Each structure stands twice: as C-alpha cells, then as structure tokens.
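In the working numbering, the protein residues as written are 360 to 757. Each residue gets a CB set at the ideal place from its N, CA and C atoms; glycine is no exception. Given the structure is predicted, the values throughout are model-derived calculations rather than measurements.
And the structure:
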C-alpha cells in the first residue's frame with residue numbers, strides 16, 4: 360500500500376507541474392476555470408493531495424525545526440491580519456514544506472529513484488518539445504516562459520551531478536537541451552542559473568576541474584552575452600559590454616529591467632514605513648494593483664515582496680530556514696559514500712543557489728509547482744535515505 364501511495368503522491372507532483380501547459384496543446388481549453396488559471400488549479404490540486412497525505416505520514420525525517428519559526432510566523436501573521444489573498448499566499452508558502460515532510464516519510468530504493476528520475480525527465484522533455492514547437496511554429500511563443508527554466512533547472516542539476524560523477528555524455532547533452540530553453544527565450548536569470556549549476560555544482564569537488572569548468576562556463580557567458588537576442592533584450596537598441604552589467608539592476612540605467620524599477624519605487628515607502636514586521640500578508644498585491652491598474656500585482660522579486668509583506672523579521676526567518684538546512688547538507692556530505700545519495704545531496708545543495716537566484720527576479724516562492732515542490736521533495740528524499748537507509752528489497756516488492 361505504501362508503494363501505491365508513494366507513486367500516487369509523486370504522480371501528482373509531476374502532473375501538477377505539467378497541468379499549466381495543457382491549454383497550450385489542447386486548443387479548446389479555456390485560459391481560466393471558475394476564476395482560476397491552470398497554474399492556480401495545479402497548486403490547489405497539489406495542496407489537496409498533500410493535506411490528504413500529511414495525515415498518513417509517519418517517521419518524518421525532514422528538518423522541521425529549521426523551518427518551524429518561518430511557518431509559525433506565517434500562520435500567526437495570517438491570524439492577526441487575515442485576508443483571502445493572505446490565506447492563499449500563506450498556503451502557497453507552506454505547501455512545499457508539507458511536501459518535504461511527506462517525501463521524508465517514504466522509504467526509497469534504487470528502483471524508486473530510477474522511477475522518479477525517469478518521470479522527471481519525461482516531464483522536462485515534454486515541456487522542451489512544446490517549447491520547440493512554439494519557437495518554430497508559433498512565432499516564438501513559449502508557455503510559462505519565466506517559470507519553465509525553474510522547472511528544467513531541477514533536472515539540470517541532477518544531470519550535471521551525474522556527469523561529474525560518471526562522465527556520462529548523455530547527461531551533458533540533456534543539460535544542453537534544457538539550457539536551450541532559457542537561451543533561446545532569453546530568460547536572463549534562467550541563463551544565469553543554468554551556468555551557475557554547471558560551474559558551481561557540488562559534485563565537482565576537484566579544484567583543477569572547477570577551474571576548467573569555470574573557464575568553460577565563462578566562454579558560455581561571453582557567447583550568450585554577445586548573442587543578438589540577449590543584447591536586444593538587455594540593452595535595447597544600444598549594444599552593451601560586460602562592464603555595463605551589475606548585480607543590482609534596479610540602479611543600473613544601462614539595463615532594461617522590464618519595469619521592475621517602478622515596482623521597487625512603489626514598494627520602497629511601505630518597506631521603510633514598517634521595516635520589521637511589514638505591511639501584512641499579500642499587502643504588496645494591493646499596493647501594486649493601485650500602481651499598475653491590473654487585476655493583480657507582482658514585484659517579481661521575492662526578497663522585496665517578503666520585506667514589504669513580512670518585514671525584515673520574516674525575511675530573516677526564511678533565510679535562516681535555507682541556511683540551517685544547507686548547513687545540515689554540508690555535514691551530511693562529509694559522511695556520504697553511496698553514489699546515489701551523493702548525487703542527490705550535491706544536486707540539491709546546488710539547487711539552493713538556484714532558489715536564491717530565482718528569488719531575486721521572480722516569484723518562485725509562489726510558483727510552487729514549478730520549483731519549490733520538487734526542491735523540498737528532494738530535501739525530504741535525501742534526509743529519508745540518510746537517516747533511514749535504503750528500503751529493503753522485499754519491502755519494495757522488487
């Protein structure tokens with residue numbers, strides 16, 4: 360029975376990641392249903408599945424204490440300053456944690472991990488094929504353009520880790536295939552994340568090899584930077600040089616930031632007015648709606664959104680969760696000798712970098728189905744194997 364629940368749970372993780380793409384390939388589907396778009400329905404379905412499984416999960420090995428202060432802060436703040444949008448945001452932030460709890464309660468075997476990886480690859484290849492179809496036959500239109508590289512980066516990290524461990528050429532070819540999506544779509548943070556995964560992956564532990572792949576990564580940066588599509592999106596009609604780039608693109612007049620500077624200017628007064636506790640769950644939506652005149656408002660920067668909504672205290676608690684869990688991974692890495700667990704551990708550690716990078720330019724915390732669900736599931740898997748060991752062959756039915 361546990362094997363059935365295992366496959367059902369992970370099936371819904373993969374299914375809900377794919378669901379927002381359905382209207383792209385099924386022409387008669389409406390863009391919204393009962394007031395929610397397909398991305399909204401996807402995370403709601405995953406929430407229902409997760410809550411149902413949460414009450415059936417035992418022996419949780421996920422590092423709950425690392426994330427409990429953040430979770431308690433979210434719930435208490437919602438009670439104090441309740442709103443429907445605040446409830447939605449709180450559930451979106453908590454959902455990946457619950458997924459991590461459940462994932463850490465399962466036991467794992469090599470057969471199960473192969474099943475998971477094959478389904479992840481099937482998901483990612485299907486999305487790449489949709490992207491290629493749109494790029495070639497629909498005037499470059501690609502579904503979920505900003506969030507697709509987030510999803511593909513999860514598989515990319517595992518592929519790069521496998522390449523460093525086994526030198527399997529197929530892994531690096533798949534990585535190149537997935538990298539083509541942010542490259543061709545000129546998703547700048549997606550490009551940066553893929554290059555960071557390749558250069559800084561924790562499975563590559565030799566200094567000389569880090570230097571070598573760092574140089575290869577630098578060559579890729581130069582090629583991408585000088586491509587016409589990147590130049591046009593980043594600098595407009597004026598061609599730019601590497602000296603024109605900076606980490607703080609809000610204050611860099613040379614870079615086109617898709618209007619993000621206006622969102623920063625809109626939220627800064629609220630951050631300054633209530634720096635410690637913020638303005639309340641989803642207060643940024645109300646503020647940005649008033650500025651843009653749109654039905655919803657997004658800062659496209661999770662650090663800024665959390666500062667505005669939850670203050671520096673909320674942001675600190677979130678970063679403490681990331682930091683404490685990453686330190687546990689560092690400790691585990693020193694003790695791991697098994698190839699499978701080493702691959703999962705180093706690949707998940709690398710995705711910490713991806714997560715924090717994506718937070719700077721988008722709403723990855725709310726895009727639960729595209730990255731956080733998979734990321735926290737990986738954390739749960741690693742802790743389960745590390746603390747409980749491998750599932751015995753007779754238990755897995757193999």
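Practice item. State the start and end residues of the unbroken alpha helix (DSSP H) segment that holds residue 382. Key: Counted from its first residue, the chain shown places residue 382 at position 23. Counting along the chain, the alpha helix (DSSP H) containing residue 382 begins and ends at 381-384.
Point to revise | Which residues DSSP lists as bridging residue 391, in chain order | key: Numbered from its first residue, the chain shown carries residue 391 at position 32. Residue 391 pairs with 396.
Practice item. Following the continuous alpha helix (DSSP H) through residue 506, name the residue where it begins and the one where it ends. Key: For the purposes of this step, residue 506 is taken as residue 147 along the chain shown, with counting starting at 1. Where residue 506 is concerned, there is no enclosing alpha helix (DSSP H), given that its DSSP letter is neither H nor E.
Check your understanding: Given that a residue counts as buried once 16 or more other Cβ atoms are within 10 Å of its Cβ, and exposed if not, what is residue 641?
Key -> Reading the chain shown from its first residue, position 282 is the one you call residue 641. Buried is the call here.
Practice item. In the DSSP assignment, find the unbroken alpha helix (DSSP H) run with residue 690 in it and report its ends. Key: Taking the first residue of the chain shown as 1, we reach residue 690 at position 331. From DSSP, the alpha helix (DSSP H) with residue 690 extends over 661-692.
Exercise for review: Answer with buried or exposed for residue 384, where buried requires no fewer than 16 other C-beta atoms within 10 angstroms of its C-beta.
Suggested key: On the chain shown, residue 384 is found 25 positions in, with the first residue counted as 1. Classification of residue 384: exposed, given that the 10 Å Cβ count is below 16.
Exercise for review: Determine the extent of the alpha helix (DSSP H) in which residue 751 is found, giving its start and end residues.
Suggested key: Counting from 1 along the chain shown, the entry for residue 751 is found at position 392. No alpha helix (DSSP H) contains residue 751, which DSSP labels as neither H nor E.
Review point. Do three or more CB pairs link the segment 425-433 to the segment 462-482 at distances below 8 Å?
Key: No, they do not touch.
Check your understanding: Can you find at least 3 beta carbon pairs, one from the segment 715-722 and one from the segment 660-669, that sit closer than 8 Å?
Key -> yes
Check your understanding: Is residue 656 helix, strand or coil when you go by DSSP?
Key -> In the chain shown, residue 656 corresponds to position 297, counting from 1. Reduced to three states, the DSSP call for residue 656 is coil.
Point to revise | Between the CA atoms of residue 373 and residue 358 - distance to the nearest angstrom | key: Since the first and last residues shown for the chain are 360 and 757, residue 358 lies out of range.
Point to revise | Close-in-space but distant-in-sequence residues of the same chain around residue 664 (CB under 6 Å, 5 per side omitted) | key: Position 305 of the chain shown, counted from the first residue, corresponds to residue 664. Same-chain partners within the cutoff: 643 and 658.
Exercise for review: Give the straight-line distance between the Cα atoms of residue 504 and residue 465, rounded to the nearest whole angstrom.
Suggested key: In the chain shown, residue 504 corresponds to position 145, counting from 1. In the chain shown, residue 465 corresponds to position 106, counting from 1. If I take the Cα positions, the gap works out to 33 Å.
Point to revise | Contact under 8 Å by Cβ, residue 376 with residue 728 | key: Locating residue 376 in the chain shown gives position 17, counting from the first residue. Locating residue 728 in the chain shown gives position 369, counting from the first residue. Going by C-beta atoms, residue 376 is nearer than 8 Å to residue 728.
Exercise for review: Could you tell me whether the Cβ atoms of residue 408 and residue 381 are closer together than 8 Å?
Suggested key: Looking up residue 408 in the chain shown gives position 49. Looking up residue 381 in the chain shown gives position 22. Not a contact, by the Cβ cut-off of 8 Å.
Review point. With DSSP run on the structure shown, which of helix, strand or coil describes residue 430?
Key: Looking up residue 430 in the chain shown gives position 71. Residue state, collapsed to three classes: helix.
Check your understanding: Exposed or buried, which one is residue 742 when buried takes at least 16 other CB atoms within 10 Å?
Key -> Residue 742 sits at position 383 when you count from the first residue of the chain shown. Classification of residue 742: buried, given that the 10 Å Cβ count is 16 or more.
Review point. Residue 455 by DSSP, collapsed to three states: which one?
Key: Numbered from its first residue, the chain shown carries residue 455 at position 96. Helix at residue 455.
Review point. Just the Cα atoms here: how many angstroms apart are residue 510 and residue 730?
Key: Start at 1 with the first residue of the chain shown, and residue 510 comes out as number 151. Start at 1 with the first residue of the chain shown, and residue 730 comes out as number 371. Distance between the alpha carbons of residue 510 and residue 730 is about 5 Å.
**Study point:** Same chain, Cβ closer than 7 Å to residue 536, neighbours up to 5 away in sequence not counted
**Key:** Walking along the chain shown from the start, residue 536 turns up at place 177. Within the same chain, residue 536 has close Cβ partners 487.
Practice item. Could you check what DSSP says for residue 496 in three-state terms: helix, strand or coil? Key: For the purposes of this step, residue 496 is taken as the residue at position 137 of the chain shown. DSSP places residue 496 in helix when its eight states are reduced to three.
**Study point:** For residue 562, the three-state DSSP class (helix, strand or coil)
**Key:** Your numbering for residue 562 matches position 203 in the chain shown. Correct three-state label for residue 562: coil.
Check your understanding: In this structure, does DSSP put residue 631 in helix, strand or coil?
Key -> As a position in the chain shown, residue 631 is number 272, starting the count at 1. Note: residue 631 maps to helix in three-state DSSP.
**Study point:** Host alpha helix (DSSP H) of residue 528 (start-end)
**Key:** Within the chain shown, the letter at position 169 stands for residue 528. Counting along the chain, the alpha helix (DSSP H) containing residue 528 begins and ends at 528-544.
Exercise for review: Can you have a look at residue 748 and say buried or exposed, based on whether 16 or more other CB atoms are within 10 angstroms of its CB?
Suggested key: Along the chain shown, one-based indexing puts residue 748 at 389. Exposed, because fewer than 16 other Cβ atoms sit within 10 Å of the Cβ of residue 748.
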